[in-house]
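Enquirer:
Chains as they are written, first to last, in the numbering used here: chain A, 3 to 317; chain H, 26 to 539.
1. Where do the N-terminal and C-terminal ends of the beta strand (DSSP E) with residue 36/H fall, by residue?
2. Put residue 188/A into one of helix, strand or coil per three-state DSSP.
3. If the criterion is Cβ atoms closer than 7 Å, does the pair residue 489/H and residue 466/H meet it?
4. Counting only beta-carbon atoms, is residue 282/A nearer than 7 Å to chain H?
5. Taking a Cβ distance cut-off of 8 Å, strictly less, list which residues of the segment 191-219 of chain A are near chain H, in chain order.
6. Within the same chain, show all residues whose beta-carbon is closer than 8 Å to that of residue 283/H, passing over the 5 residues directly before and after it, in chain order.
7. According to DSSP, which residues form a beta bridge with residue 309/H?
8. With distances taken Cα to Cα, identify the nearest neighbour of residue 435/H among 349/H, 388/H, 416/H.
9. In the DSSP assignment, find the unbroken alpha helix (DSSP H) run with residue 358/H in it and report its ends.
10. Where residue 14/A and residue 179/A are concerned, what is the direct C-alpha to C-alpha distance, given to the nearest angstrom?
11. Flag residue 270/H as yes if its beta-carbon sits less than 7 Å from any beta-carbon of chain A, otherwise no.
12. Nearest CA to the CA of residue 227/A: which residue from 290/A, 133/A, 72/A, 121/A?
13. Using 8 Å for Cβ pairs, my map puts residue 154/H next to residue 216/H. What's the rounded Cβ distance?
14. Answer with yes or no whether the minimum CB distance from residue 189/A to chain H is below 7 Å.
15. Along the chain, where does the alpha helix (DSSP H) that runs through residue 288/H open and close?
16. Between residue 186/A and chain H, is the shortest Cβ-Cβ distance under 7 Å, so that the two count as touching?
17. Going by CA-CA distance only, name the one from 146/A, 210/A, 193/A that's closest to residue 82/A.
18. For a test of the three-state rule: what should DSSP assign to residue 128/H, helix, strand or coil?
19. Please state whether the Cβ-Cβ distance between residue 503/H and residue 491/H is less than 7 Å.
20. Residues of the segment 263-293 of chain A with a CB closer than 9 Å to any CB of chain H: list them in chain order, please.
21. Beta-carbon within less than 8 Å of residue 233/H's beta-carbon, same chain only, minus the 5 sequence neighbours each way: which residues are those?
22. Within the continuous alpha helix (DSSP H) that includes residue 176/H, where are the two ends?
23. Under 7 Å, Cβ to Cβ, is there at least one residue of chain A near residue 168/H?
24. Just the C-alpha distance for residue 58/A and residue 371/H, rounded to the nearest angstrom, thanks.
25. Run through DSSP, which three-state label would residue 278/H get?
26. Mark residue 133/H as exposed unless 16 or more other C-beta atoms lie within 10 angstroms of its C-beta, in which case mark it buried.
27. Can you tell me which of the three DSSP states residue 268/H falls into?
28. Quick one: is residue 323/H buried, meaning 16 or more other Cβ sit within 10 Å of its Cβ, or exposed?
29. How close, in whole Å, do the beta carbons of residue 164/H and residue 202/H come, if the pair is a contact with beta carbons under 8 Å?
30. Taking only beta-carbon atoms, is residue 369/H less than 7 Å away from chain A?
31. Going along the chain, which residues of its own chain have a beta-carbon closer than 7 Å to the beta-carbon of residue 74/A, five neighbours each way excluded?
32. Using a Cβ-Cβ distance cut-off of 7 Å, determine whether residue 360/H contacts chain A.
33. List, from N- to C-terminal side, the alpha helix (DSSP H) runs of 4 residues or more that fit wholly inside the segment 140-217 of chain A.
34. Do residue 373/H and residue 406/H have their beta-carbon atoms positioned less than 7 Å apart in this structure?
35. Would you say residue 352/H reaches chain A, if we count a Cβ-Cβ gap shorter than 7 Å as a contact?
36. Distance check for residue 29/A and residue 322/A, CA to CA, integer angstroms please.
What follows is the structure, given as structure tokens:
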């Protein structure tokens, strides 16, 4: 059993070590880094990417990819404003509706991928443009402001001293880790990523699983969008542009194989924290934005190389 | 007459399996020498040795009297041995002329490619093959399979080949194209080239070959001038042996009909198939590659749902539109390609064995690891899987043990109908016997077994009844006592039914092999 755990968690251990090292170095660079205020604030900032990274882990474990999450994020954000302000829906209803639209957009991806056998990269590249175009068309470059105060509790408030969206992320994290790690659905996900044909030949419901996963990806992107609107108090159609790259980076940094079949939610969590810590810590130490991106790129390559070396030993 | 090629006492082993045992034969200049044998008889290995792809462990290959040992196919080509493989090895984006001269293109004094000489040479070669209609400047990707084959032969001739090896050259061709190819082969022979011709199609061999050599299970059976043998003789040379002896078939009394198929069709690969399989019965399906056997299995199993016809379980019509439906109806399918269809190779024995019954060993969607582990341990014991334990990854197991894992996965679903497609392909002799014993035992426990096999001895040895498929149809049916190698072999190749060359369409097998 320890052998199994070792094999499963080897990448996570490396990542954990890397993370601790990064935290120590960054704490030494700036006295502001290792403070409760800063850390909680960073938790608030990474919640949106973190939420979307959870279903993205499932997507990538199946050997797929979802490039459209940033656009779905923008679409849901815009529709929240439109539903509430232009259509006059009560805000809670508008929030649910905006999230549901995200889910429908995600199901659309899944439908194109499973029904027409379009490679996920192509399908979601197309819907990346499509959903963003819809968002821009609907918004007509107008932004929506003036949300009631209670709405900001979601993105700016705290519960027991911890940012509210961090609670949401933690709950989703536990659910995702449980599903991928312990349930039949998780097994199906890994089987699809390792050998889709054999999964199908074993009577697993491959298409249904993919449909659900891409649907969840859209749904969570919608949820993240609502949280984001609440955090920044406004709605614009270009929200979430390039978000997919941050999300995919966190997942891959967390040890999920882009070829499918391997990866864990815990890894994604560590990848996410490492990425956010580097961004914040380097900024506090006075490194400019471009420098931060270079460091994150280098860390990503290093983590993957180490992972590959070790997994070759494992066989 | 002096011999062009002499092979004497050649043996070859892969690991512990001896695939060629002291083979000797020879090829004369201007002769078409057919090489005949079942799948796995060792033809391909023998060809590869002559072509320099692999080396023999023992024995000698002599070319024009001189002993040779080629380090690479390139070296063999330099000695005048050219091979036209079954799967054509051309580059689709290059032109005909470029493909023909790839690797040995004529050069100018300055070291640049001499395009004019190349094109003129290609033109001359194709004309000599009676193909003046082929443009040397078109890219190969735009050509039909038949034309590509001509390019491949021209490529062989561009090396001034003295010996041309052709591995099932007509397998992918339609009638008219096959006939034209045979004309080309005759032209080569008339120019004094020696040809080793591998084919399953007996009529073709009778039309072309001067002599025929038969291999069986890696041993040499005999060489005969074509005029001295009949098709029946060749079939019994290919398969004739004490078959019953090798297969542990237990006599059973078949029970009720479990699976019944009525007028089942899928597009044009499965045509109007009707069959029944009873409890405790093993029904074997014989046929050549491309006969539609795997396609039939895939249709019954719901991978390619039927386009017309009916499937009945216990006499009740059922709809099977996915493997999941089939599994619910207690139909299991052990696919022909273990690696790509049967197993999740990077995962463990435990994870593979439980794959088809995940929902049954789960409580509220959570996989019960303990139950899964004991399931895996039981499977290892029951099927005699040689592994370090449930946590070993299946890709590390041998072929035979991998096959047992696939079988264990499906037996765990407690099926009533078991379809096995090439159950022992690529498995060593010992594991083969174990799989056969398992199959027999399962039938004894009341399973209805439908077995597809390209090995005639396996079909004849294991089956209570034998169905023969050809062109997507069932063309013959035999009871165990009437299923002689001659009769089944004849039905497979249609030797008796008007010796016409029929086309074997590139079916699922061809596609899967890519």
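Ideal placement from N, C-alpha and C gives every residue a C-beta, glycine not left out.
Expert: With the given structure in hand:
1. Working through the second chain from its first residue, we reach residue 36/H at position 11. Segment 30-39, the beta strand (DSSP E) holding residue 36/H.
2. Translated into positions along the first chain, residue 188/A becomes position 186. In the structure shown, residue 188/A sits in a helix (DSSP, three-state: H, G or I).
3. The residue you call residue 489/H lines up with position 464 of the second chain. The residue you call residue 466/H lines up with position 441 of the second chain. Result no, Cβ atoms of residue 489/H and residue 466/H do not sit closer than 7 Å.
4. Within the first chain, residue 282/A is the residue found at index 280, counting from 1. Not one beta carbon of chain H lies nearer than 7 Å to the beta carbon of residue 282/A.
5. 192, 193, 196, 197, 199, 200, 201, 202, 203, 204, 205, 206, 207
6. The residue labelled residue 283/H in the question sits at position 258 within the second chain. Contacts found: 302, 303, 304, 338, 339, 441, 442, 473.
7. On the second chain, residue 309/H is found 284 positions in, with the first residue counted as 1. Its beta-bridge partners are 476/H, 491/H.
8. Residue mapping note: residue 435/H aligns to position 410 of the second chain, counting from 1. That would be 349/H, whose Cα lies nearest to the Cα of residue 435/H.
9. As a working mapping, residue 358/H is identified with position 333 in the second chain. Taken as a continuous stretch (DSSP letters only), residue 358/H belongs to no alpha helix (DSSP H), being part of the beta strand (DSSP E) at 356-359.
10. In the first chain, counting from the first residue as 1, residue 14/A sits at position 12. In the first chain, counting from the first residue as 1, residue 179/A sits at position 177. Cα to Cα, residue 14/A sits roughly 14 Å from residue 179/A.
11. For this step, residue 270/H is matched to residue 245 along the second chain. Annotation note: pLDDT 45 at residue 270/H (below 50); position unreliable, coordinate value reported separately. Chain A contact via Cβ: absent.
12. Within the first chain, numbered from 1, the residue matching residue 227/A stands at position 225. That would be 72/A, whose Cα lies nearest to the Cα of residue 227/A.
13. Taking the first residue of the second chain as 1, we reach residue 154/H at position 129. Taking the first residue of the second chain as 1, we reach residue 216/H at position 191. The beta-carbon separation of residue 154/H and residue 216/H, rounded to 11 Å, does not stay under the 8 Å limit for a contact.
14. Start at 1 with the first residue of the first chain, and residue 189/A comes out as number 187. So yes, residue 189/A belongs to the interface.
15. Along the second chain, one-based indexing puts residue 288/H at 263. Careful: residue 288/H lies outside any alpha helix (DSSP H), inside the beta strand (DSSP E) at 282-291.
16. The residue labelled residue 186/A in the question sits at position 184 within the first chain. Yes, its Cβ sits closer than 7 Å to a Cβ of chain H.
17. Taking the first chain and counting its residues from 1, one reaches residue 82/A at position 80. Ranking 146/A, 210/A, 193/A by Cα distance to residue 82/A puts 146/A first.
18. For the purposes of this step, residue 128/H is taken as the residue at position 103 of the second chain. Coil, per DSSP.
19. Walking along the second chain from the start, residue 503/H turns up at place 478. Walking along the second chain from the start, residue 491/H turns up at place 466. For residue 503/H and residue 491/H, yes; Cβs fall inside 7 Å.
20. 263, 264
21. Start at 1 with the first residue of the second chain, and residue 233/H comes out as number 208. Correct list, in chain order: 57, 59, 207, 210, 211, 222.
22. The count along the second chain starts at 1 and reaches residue 176/H at position 151. Here the alpha helix (DSSP H) through residue 176/H covers 170-183.
23. Indexing the second chain from 1 puts residue 168/H at position 143. Not one beta carbon of chain A lies nearer than 7 Å to the beta carbon of residue 168/H.
24. Here residue 58/A refers to the residue found at position 56 when the first chain is read from its first residue. Here residue 371/H refers to the residue found at position 346 when the second chain is read from its first residue. Here the C-alpha atom of residue 58/A lies approximately 22 Å from the C-alpha atom of residue 371/H.
25. Taking the first residue of the second chain as position 1, residue 278/H is located at position 253. Correct three-state label for residue 278/H: coil.
26. For the purposes of this step, residue 133/H is identified with residue 108 of the second chain, where counting begins at 1. Residue 133/H is exposed by the Cβ-count criterion.
27. Taking the second chain and counting its residues from 1, one reaches residue 268/H at position 243. Because residue 268/H sits at a pLDDT of 41, beneath the cut-off of 50, its placement in the model cannot be relied upon, and the point is left open.
28. The count along the second chain starts at 1 and reaches residue 323/H at position 298. Per the 10 Å Cβ criterion, buried.
29. Start at 1 with the first residue of the second chain, and residue 164/H comes out as number 139. Start at 1 with the first residue of the second chain, and residue 202/H comes out as number 177. Their Cβ separation, rounded to whole angstroms, is 20 Å, which puts residue 164/H and residue 202/H out of contact at 8 Å.
30. Position 344 of the second chain holds residue 369/H. So, interface residue.
31. Within the first chain, the letter at position 72 stands for residue 74/A. Contacts found: 104, 107, 108, 133, 220, 223, 224.
32. The residue you call residue 360/H lines up with position 335 of the second chain. Chain A, which has a Cβ nearer than 7 Å to the Cβ of residue 360/H, makes this yes.
33. 154-158, 166-184, 186-196, 198-203
34. Mapped onto the second chain, residue 406/H falls at position 381. Mapped onto the second chain, residue 373/H falls at position 348. It is not a contact, given that the beta carbons lie outside the stated cut-off.
35. In the second chain, residue 352/H corresponds to position 327, counting from 1. With 7 Å as the cut-off, residue 352/H counts as an interface residue toward chain A.
36. Outside the shown range of chain A, which is 3 to 317, sits residue 322/A, and nothing can be said about it.
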